[in-house]
């Protein structure tokens, strides 16, 4: 029983949320600060002056990389969280190893795993895109970079929660 | 900047990204470098947080010993 409960909560919500928060902290803020400082030092304008469109150089690789990295991180994080859940269960509760993994196998089907990986793609893309947008909208010197990062983090958190709320029922309806 | 203007500008950025996808020569070089950097930055924190989350959920869910 404990295995089912741990697997269901970890796979569908807890691990995707933690991976999303990690991506916001490590990817989204870096992108917003990087592009924000490029924007206020007019490096983005310099690209346009030499006839290069800044979007394919600055935005597209970051967003595509996050779209690829999101599900990979999610898969590794799911393995780590399940192993930690197993360790926690056998160390602090009456559950045995076989009880735990029986519960996990009872709950685990293809769909919840696929569900989590889709969340990885969606969160990754949204976080990188909002980070790029916030960075490119930065104005007003070094203070503006701080403001851009703040706006970016708020936007990323809101978009992650909104997307989480939207894709859960959508995927359940589609039942891919 | 109002929320509507922000929504419009972000939509324009998304459309510009979609158009830029047709020119892979401009972004393909940076893509692998960026992916490696993002993975290297995020993986340790994601593993740590998700492990702690797993530990916490299993501790809180099961009937404690003793």
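Chains as they are written, first to last, in my numbering: chain W, 81 to 256; chain Z, 308 to 373.
Built from N, CA and C at the ideal position, the CB exists for glycine as well.
Bridge partners of residue 219 of chain W according to DSSP: none are assigned. The three-state reading of DSSP puts residue 173 of chain W in strand, counting E and B together.
Here the alpha carbons of residue 130 of chain W and residue 106 of chain W stand approximately 31 angstroms from one another. Shortest Cα-Cα distance from residue 228 of chain W to any of W:190, W:110, W:167 and W:184 involves W:110. Contact annotation: residue 82 of chain W and residue 336 of chain Z have beta-carbon atoms that are not nearer than 9 angstroms.
By the Cβ rule, the stretch 94-104 of chain W does not count as touching the stretch 212-227 of chain W, because fewer than three pairs are nearer than 8 angstroms.
Taking a beta-carbon distance threshold of 9 angstroms, residue 309 of chain Z does not count as an interface residue toward chain W.
If you draw a straight line from the Cα of residue 341 of chain Z to the Cα of residue 174 of chain W, it comes to about 45 angstroms. For a Cβ distance threshold of 7 angstroms, residue set 156, 157 and 160 of chain W lies close to residue 354 of chain Z, ordered along the chain. Under the Cβ criterion of 9 angstroms, residue 163 of chain W is counted among the residues facing chain Z. Residue 315 of chain Z has a beta carbon lying at 9 angstroms or more from every beta carbon in chain W.
Identification of chain W residues near residue 342 of chain Z by a Cβ-Cβ cut-off of 7 angstroms yields 145, 148 and 149, ordered along the chain. In the structure shown, residue 369 of chain Z falls within a coil segment according to DSSP collapsed to helix, strand and coil. Proximity to residue 253 of chain W across W:231, W:195 and W:88 peaks at W:195, based on C-alpha coordinates. Within the stretch 148-205 of chain W, the alpha helix (DSSP H) runs of at least 4 residues that lie entirely inside it are, in chain order, 177-187. Under the Cβ distance rule, residue 203 of chain W does not count among the residues neighbouring chain Z, no pair being separated by less than 9 angstroms. For the stretch 318-329 of chain Z, residues whose beta-carbon sits nearer than 9 angstroms to a beta-carbon of chain W comprise 320, 321, 323, 324, 326, 327 and 328.
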